[in-house]
Every structure is written in C-alpha cells, then in structure tokens.
Amino acid sequence: MLSNAPSNAWYPLTWSRNVERKLSRHKVLGIDLVVYRTEAGQPVAMDDVCPHRLAPLSLGKLKDDAIQCGYHGMTFGSDGRCIRVPGQPQIPASAKVTSYPLRERMGLVWIWPGDPARADTGQIYDLPQYHSKQWHSAEGDALSIDANYLNLADNLCDPAHVSFVHLSTLGSAASEDIPVEHTASDDRVVVWRWIRNSPAIPLFAKYGNFKGPVDRWHYYHYTAPCIAVIDFGSSDAALAIDPDQRDDGMRIFACHFITPVDEHHCIDHWLHVRNFALDDLNVDQRLHDDFRVAFNEDKDILEEIDRVERARPDAKRIRLAIDAAPQKMRRIVDHMIAGNSPSPIAAE
Amino acid sequence: MLSNAPSNAWYPLTWSRNVERKLSRHKVLGIDLVVYRTEAGQPVAMDDVCPHRLAPLSLGKLKDDAIQCGYHGMTFGSDGRCIRVPGQPQIPASAKVTSYPLRERMGLVWIWPGDPARADTGQIYDLPQYHSKQWHSAEGDALSIDANYLNLADNLCDPAHVSFVHLSTLGSAASEDIPVEHTASDDRVVVWRWIRNSPAIPLFAKYGNFKGPVDRWHYYHYTAPCIAVIDFGSSDAALAIDPDQRDDGMRIFACHFITPVDEHHCIDHWLHVRNFALDDLNVDQRLHDDFRVAFNEDKDILEEIDRVERARPDAKRIRLAIDAAPQKMRRIVDHMIAGNSPSPIAAE
Amino acid sequence: MLSNAPSNAWYPLTWSRNVERKLSRHKVLGIDLVVYRTEAGQPVAMDDVCPHRLAPLSLGKLKDDAIQCGYHGMTFGSDGRCIRVPGQPQIPASAKVTSYPLRERMGLVWIWPGDPARADTGQIYDLPQYHSKQWHSAEGDALSIDANYLNLADNLCDPAHVSFVHLSTLGSAASEDIPVEHTASDDRVVVWRWIRNSPAIPLFAKYGNFKGPVDRWHYYHYTAPCIAVIDFGSSDAALAIDPDQRDDGMRIFACHFITPVDEHHCIDHWLHVRNFALDDLNVDQRLHDDFRVAFNEDKDILEEIDRVERARPDAKRIRLAIDAAPQKMRRIVDHMIAGNSPSPIAAE
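Chains as they are written, first to last, in the working numbering: chain L, 2 to 349; chain P, 2 to 349; chain D, 2 to 349.
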C-alpha cells in the first residue's frame, strides 16, 4: 500500500475504454490488479495474484466471468471466490482473492481500495458540465509520471507555476507577480487568481478572436485525494466581467483524475470540457496537442523533483506564500489517512 | 552463497562443450567462477577474484595451466595456489584462491561447492539409458530463468501444471482433473500420473503413428537438490500396457540439470534421451523446438512468480493436494542444508 | 558527500571549455551542481536544487548572472543568495543555496567543496612545463569510470601494472620483475622505476627514432587527493643518462586530474605535456589515440574491481611489495579527511 494515500477513497483505475473482455494489468496504491469486464458489461478488478503459488492471475484465462490461473487452473469468480481446484473436489475455505468495488463515471472506472462497507458511490466526483449539451467534453490521455501523486496534486493546487512552466501554452510572464487566493474545506481546496487586462495566453489567442487585452482566470478545484479540475478562461477586458459571469467568456474545465500507482509513480488521466467550438473535433485535437505540451512540462519538473527527493530524503523546504493552498491540500489528505486507521477516531 | 542450496552437493556448472582452452565466467550458488580446461583436458573452476586487488581472474591470461592476473600478474595454478608474484621473490603463504572439485558426466561439468573432503564423485547423477545403444540422446540448451532454482524444482515435481501451461506441446485439457501420486525417499521424490485412453498430446501425435487413443504417462524423478528427469511417453490404448512396459511405447527422458546461479536466477541445462527415431537428427531438432516452446512457457510463469515473491515477501500460499510432492522436495533440501552446518549432526 | 574524499581540497570540476553562458549539470563528491559562467567570464557552481520545492536549478533560466528556478521563479545570484520571490515582496532569510569557491587553472575549473574560509587558491596544483614554450600541452578527454576515485588513485601510484595492462601502448613484459621505489611526504607520493637497456615501448617506438635499446622511466607523482602526474620517457641506452637528465630524452607528463563523482564513479580529466614534436598537432591526436587505448584498459579493470568490491564488501586483500606506495597514498587521504572533522586536531 502507498504510505500517503488514504485507502478509503475512490480512485481512477483506468479509462473505461480500456476495460474489455480480456485480462489486463493495472496498479493502484501499490496493488497489482487484474482487470476485465463481465459478459454483462460490469468491470471487475481483483488482486493479480493466485493464492496458490503467487502466479499473476493476469497470465491466466477468462472463462465466462471467472479467471482460471495459468499455472494450475484454480478458478476465481468475479467476487474473488474460488470456484474450482483441478484435481481435488474440495475447495479450501481460504481460497479467495480480494475483489474491489468499482464504478464507472465520466469515462473512467473508479476503484475503492479500502473497506468495501464504506464504499459510497455517491462520493465519486462528477462535473455537471460534462453531461450538459451546452458543453463539449473530450477525453485525453493517461500521462504516466514518475513522481508521487501528491507532488502532482501540489502542482494542481498551484496557479503560480503556470507563469514559469507553461509560457508556450497556458501562461505568460505578465502574471508572474500576481498573488493567488484560496479557500479550503473538509475535503476541498480552491485556489485562484484573476489576471485583468492582459494579453491573451497563447492557447486562447489561437482559438479565441480577441481584438485586445483580456481578463483571464484560473480556478483550481482540488477534491481530495486525487481530483483537480482547473477552470480557466478569458473574456474581453472591455467587458470587465464579474467572477460569476465566466460562462460569458471562453471557458475550459481541464479535469485531472490522478491514479497513485506507487510511491514514485502516478498516472494523470485528463480530459477537458469546454463551452466553445462544441462541434469542431479539430479543436479537440488542437487543444489536446497544447495540453500534451503543457502537461509534459509539468511531468519533466515533477520527475526531476522526485529524483532529488530520493537523493536528499532529509532536505528542508522553504515555505512561500504560494504554498498555502498545497499545504492545506496535504493536511486534508493526512486527515483522511488518519481516519482510515482502526483506532477509535470519531467518524468524519 | 545461496541461502537455500546445500553447498555439499554436485551441481551442473556448464556444458562440457563450453569449457575450452580459454578463460570463461560462470556463477554457481552466488560464487563467481573462472573456468577453463588444462592442456591435459581437465576442467578447472576457481573463484574469479585475485586476492591482491580483487580483479576478476577471468580478465587475465591462461599461461599453460595457470592463470596470470591481468592487473599485476599474480599467477595461480589450477589448484589455486599462487606460483608467481612479479617484482618480489617471496610468495605470501595466504596467496591462493579456492579451486573446486569438478567432474564431467552426461555432457556436463559438475561442481562441488562445499567441503572438498566430502566430494564423492559416485554421487553424481547418471541415467543408464544415456549410455545405451537402444536409446538416442540429444543435448539441448542452457535456459536462463530469472527465478530461484527451487521454484523450478517445484515445477519439475509437478505434473499437474502440464494441463494448463503446455497445451500446445506436452499437455491437454483431458488430464486437468486426474490426480497425481508420489513417493519420496531420503534424497528423491517421484511423482506420476497415468492418463488412460486419451488423445495423444501434440508432441506424440506429431512423431508417433497412433490410430486411436493412447495411454500416456508422466513420471517426474527428482534427485535433490538440482536434478529432475521426466520420463514420459505414450502407448496405444488398445495395448493397455502395465507401468513396467513403458519401453514398449514411445518413451522420452527429459533431463533437467539445474544450476542455481543466485537467489533469483537459475539455468536449466536440458537434454533428452528417447527410444524412437534413433538415427533421425531431424527429430532431435523438432523435439528441441517443441521443448523450447514448453520450457519457455515455464520460464514465463516462474519469472512472474519471482517478481511477485519479491514484491510480497510475506505472502501466504494455499496448499493444494498437488503440492504434496513439491513440499517433500523442499523438506529434503532443507535437510541437506542443515547437514551442511558445522554443528554435530549425524552423518547422512 | 563522499565518505572517502576530504571536502577541504581542490577538485577538478570540469574542463574550462565546458563552462559557458548556459546552465550545465555536474556532480562532485556526491554534490549535484549547476554550473555556468557570468557575463564577466567568472565560472559559478552552486547546489543544483531550489530550496523551495527541490526542483533542480539547472532546469531554470540564466537571467544575467542569476538563475531563475524553472518551477516558480525564485531567483538566486551567483553567490547563492535569493534576489527575487515572485508573488511576494519579502525574501525569506533562509532563501539561499550554497555557492562554491572556484578557480581556473591548467584548462580546468577547480572547486573547493569544503569550508570556503580555508579555500587557498595557492594550493591548486600547477605544472611549470604546462606554461613553458619548450613544452607542448594537449588537452585530452574526460574519461568517466564506474569506480571509486581512490581505486583510480591506486592505479596512478602503481607503475607495476603497466607491464600487464598496457602491453600494446605503454608497457612491455621486459619490466615485469623490476621493483618500484617510492618516497612519501605530507601530501605527496612519488613512485618510480627505471628500465635500463630495454626495447622501446610501442608508444615511443612509434614517435621516437631509436636505433637500439633505450633507458626508460616512469615517475608517478601523486598529490593528494586527486592529482597524478606521470613523468615517463625514454633515452638512447647508449647515452646512459642520469635521472636528472630526463629532459635530454623524449619526455611526457601525462596529467590525471580526478573528479570524485560519487562512491562508485569518477572522471579522469587527462592532458599531456611533451618536449618533442612541439608544433605537430598530428602527434597530439596520435598520442591521444594511444592514451585512449591505455586509459580504457585501466577503466575496464577498475570497473570490474568495483563490481567485485560491491559484491564482496568483506573481501580481504593480500598486500604485496608494490602496494607500499598506494597504501601511503591512502593514509595521506585518511589524514586529510580526519583533518576536516570539527574535533580539536592540530592544524596540518
């Protein structure tokens, strides 16, 4: 298990499109999983290890809705219970593997690695605009990053880095010194800043039709432990819109659904939802290309930081004003982890 | 040294064909060895490290029957004793490297890594049919497997896996539920099963000329710690042969001589001895091709299990009926290892 | 930090030619460094880590003589002090990185990783002939070796290995049994031997014009902890020169300036200074090619020894007569390291 990820939470496992009528391998919170879809279409994920000789079940065969181990044929139903032991009539009572609660939402399969009794599907994140006809959503990639998932979460609670990391796509030097604001609640952090009366950033300059300066915003909505939805956009500065009029501008929700793979790896499943060029699939691809450039810029930095953190486990860090929101994010996650402990802590 | 291999035992070091008048490198039980053949044709193996500066002797030169270190020219005879130190007349008394008892048999060089005083060449395994004119033997490969040698030994005390792992070559689903029988003695385990009145497996269907169903057998003869000889074959089911009439059918001994390289690597030196198509070298190659497919199927599974065992050192395993023979095999090896300890245990 | 390298010493960091008006990465004594040259031409090296989030500063940008971190724009002057924090007016007092004393000499940038107050540039090694018009110097390579730097220093206090390792270039079997002599002082070791009336070695046979046998010499001048200058040459044996007449023969200083990178890596920055063929640049290249062959022969052995030392951390070594000088070298280094401790040891 991962030391800094709460087990009682929903995590993205993989894109729904990747779960088929065949066995595939995934890893979440350090747990190796074999994943497939039942004949009725339900996704299944269970520990990818046969309890007999520890062969990965993913080397076996899908037999109807069950998995037959590729070494000696022990067979496990989708609930993880053994239903056959070749060569002996009696099935040992302990012969089962852990099968995990799953649910599909927003194009992803979500997994609850913790106590199944606490798996409330109502807690899975949803973005209303994803389902709206006034908006268009486009599925992106699964970007693998060699870094702990919380370092990516730091990055996604942090509009300030955009002015330095993403100059060719999402940011501009004009915003370097504009402070960020934030609020935090039990399981959420929102961080934002407005850059008023400024040139359009490269991305909107490309797709918008702005004659002059714009007002632009970034709202980073983090939901613990693994979701960040970045609401950003631009509006003609001459209109001087209020924050609650963002739908009047060009607006994009860039959704990041993070899979903590293990201590030093995570996967950023990203998609975007926008309120312009709804029917133009070319814009999907052109935006995806821009996002790929930008998110790989983050990946480069996060992987280098991971390397330094491994080499300098005792390194101290200086706290800056822009760190307030990421630090609250980490406190929320710590609290969720503590809530997972079996000690008598009051229910959240 | 390897934690789970007895040092007082004969192990295959490499094929005799690989030991020449030049220095080569091998590793057995975690010991790096430099290997060569004397002018008189005797194989030599000694620790591959010069006691002066720890340079591998295999980087040096063969000078008659001695090795001259490639760094400063210290020279060691085939018994490991230093015979020259360039630049100084006196040879330090401690200047020697360990040279190991070796012996050639069945096309392999065998090594005794333990106490030389206990190295009884009478204990080296031999298969009488290998030397008989009624049989034909064909040397196979040295298959490197990234797994502990005892996991391969498990596999070679286990006919049950054949029905699931080797469907294209050695097994068929017809035998999935047929139980296995076994006997065990001080240093041996025999595991077997008969599958009566069943279609010929792919390998015998290819080389035999059976009109109808066959009786087929597998006898797995394990000799601790590193030898498994699999006697398998088929006979026309209409003949209903007794077990002691196996020579009347098509019969193959598939010999596996396992070199434990280190905790997570072993080498399967395999050959086969058969009682049909004695003069047809094409059959050698066609059988080898089939064996290569089959043994690589085992390799794939064993390497995945090794990976899982490293990741889950505390994993529990469920014991099935088919595990009785492998478990006895491991008890025999544990007993051999205990016998190696310097404590006053009665001689074996 | 490296366990067996004194921090209060000058080390070669890299060739001066590699330090430009852009950020580059280097590692010395286990310290990751970002290196560049100021507008005024001064080399700068500082810890390659931003104290905010631990991003390597080498991912950032050079802004005049300062580095702007590539993640959030914290900016550090060439002395390591933070001069800007975007988004907040106040700079935390602790916001600085370590900048190291540097100095250029003999075509290299030298670094003092220890206490800056003790960095005496007068201690940096210099070879008078390097600056003389009667001599010609030619810069070589930066040979990366996967071995601890002291094992390379052993090699460079050890003329005896030449007879066995460098037969095609620098040595010949004729010298195998000729003993070496040495002297040692506080921070130096000199080891030498003369081989009188012997065939010219391949290198001098190629460039000299000797009709008959030569007298040849090797003087290995080691200066702790990381410098070895090998004075070697040949003179017509008929002249029977005295040791102080070496300039009358063909004479080369092969300079090795060793950078300890970490416990298992070092870089040999080598150049040569010669008293013949002063204006013939072809001889530079032909000598370099020969040196490359020879130094790679050392590299091969040292890397194999490093591998063995890792595998056998408790291995004992036999001491030979030729080890007297390397052992004094190591005692000098140990003494330098002890002198770095904060305990009240008398000044050196």
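We put the CB at the ideal spot given by N, CA and C, even for glycine.
- Listed along chain D are L55, each with a C-beta nearer than 8 Å to that of E310/L.
- According to DSSP, residue pairing for L303/D in a beta bridge does not occur.
- Pairing T224/D with P13/D, the inter-Cα distance amounts to about 13 Å.
- Ranked by how close their Cα comes to the Cα of S235/P, the residues A118/P, V166/P, K207/P have K207/P in first place.
- At a cut-off of 9 Å, the C-beta of L321/D has a neighbouring C-beta in chain P.
- Under the three-state reduction of DSSP output, T260/L falls in the strand class.
- If you check each beta-carbon in the region 61-82 of chain D against every beta-carbon of chain L, the ones closer than 8 Å belong to Q69, C70, G71, Y72, H73, G74, M75.
- Of all alpha-carbon atoms in R313/P, A41/P, V50/P, the one lying nearest the alpha-carbon of I319/D is that of V50/P.
- Of all residues in the region 162-178 of chain D, only H162, S164, F165, V166, E177, D178 come within less than 8 Å of chain P when Cβ atoms are compared, listed by chain position.
- For D232/L, the enclosing beta strand (DSSP E) stretches over residues 228-237.
- At a cut-off of 9 Å, the C-beta of A96/D has a neighbouring C-beta in chain L.
- The alpha-carbon of W16/D is positioned some 16 Å away from that of P102/D.
- From the beta-carbon of E305/L, the residues of chain D found nearer than 7 Å are A56, P57, L60.
- Relative to the Cα of N5/D, the nearest Cα in the group C227/D, A322/D, I242/D belongs to C227/D.
- DSSP, reduced to helix, strand and coil, places T122/P within a helical segment of the structure shown.
- Distance between L55/L and I179/P, taken at the CA atoms: about 23 Å.
- Contact between the region 263-272 of chain P and the region 204-220 of chain P is absent, with fewer than three C-beta pairs closer than 8 Å.
- Taking C-beta atoms as the reference points, L171/P and H257/P fail to come closer than 9 Å.
- For L151/L, the uninterrupted alpha helix (DSSP H) run begins and ends at 150-156, by DSSP.
- Cβ neighbours of Y72/P within its own chain (closer than 6 Å, five residues either side excluded): R54, A56.
- Contact check for L272/L and A143/L: beta-carbon distance about 11 Å, past the 8 Å limit, so the pair fails to qualify.
- When CB distances to chain P are screened at a threshold of 7 Å, the residues of the region 144-163 of chain D falling below it are A161, H162, in chain order.
- Taking 8 Å as the upper bound on Cβ-Cβ separation, chain L lies near residues E177, D178, I179, P180, V181 of the region 177-197 of chain P.
- In this structure, the straight-line span from the alpha carbon of L240/L to that of R189/L is close to 31 Å.
- Nearest to I196/P by C-alpha distance, out of P203/L, G88/L, E21/L, R22/L, is G88/L.
- Taking a Cβ-Cβ threshold of 9 Å, none of the residues of chain L is close to Q328/D; the smallest such distance is about 33 Å.
- Under the 8 Å Cβ criterion, the region 24-42 of chain D does not count as touching the region 126-134 of chain D, having fewer than three qualifying pairs.
- Against I228/P, chain L offers no close residue; the least beta-carbon distance is about 22 Å (beta-carbon pairs closer than 9 Å).
- Per DSSP, the unbroken beta strand (DSSP E) holding S25/D starts and ends at 25-29.
- Chain P has a Cβ within less than 9 Å of the Cβ of G88/L.
- Here the alpha carbons of A295/L and V309/D stand approximately 45 Å from one another.
- In the structure shown, P327/L falls within a helical segment according to DSSP collapsed to helix, strand and coil.
- For W11/P, DSSP assigns no beta-bridge partner whatsoever.
- In the DSSP annotation of this structure, the continuous segment of the alpha helix (DSSP H) that includes V166/D starts and ends at 163-166.
- T260/D is the residue among V20/D, T260/D, D249/D whose C-alpha sits nearest the C-alpha of K28/D.
- The Cβ-Cβ distance between N276/P and D248/P falls below 9 Å.
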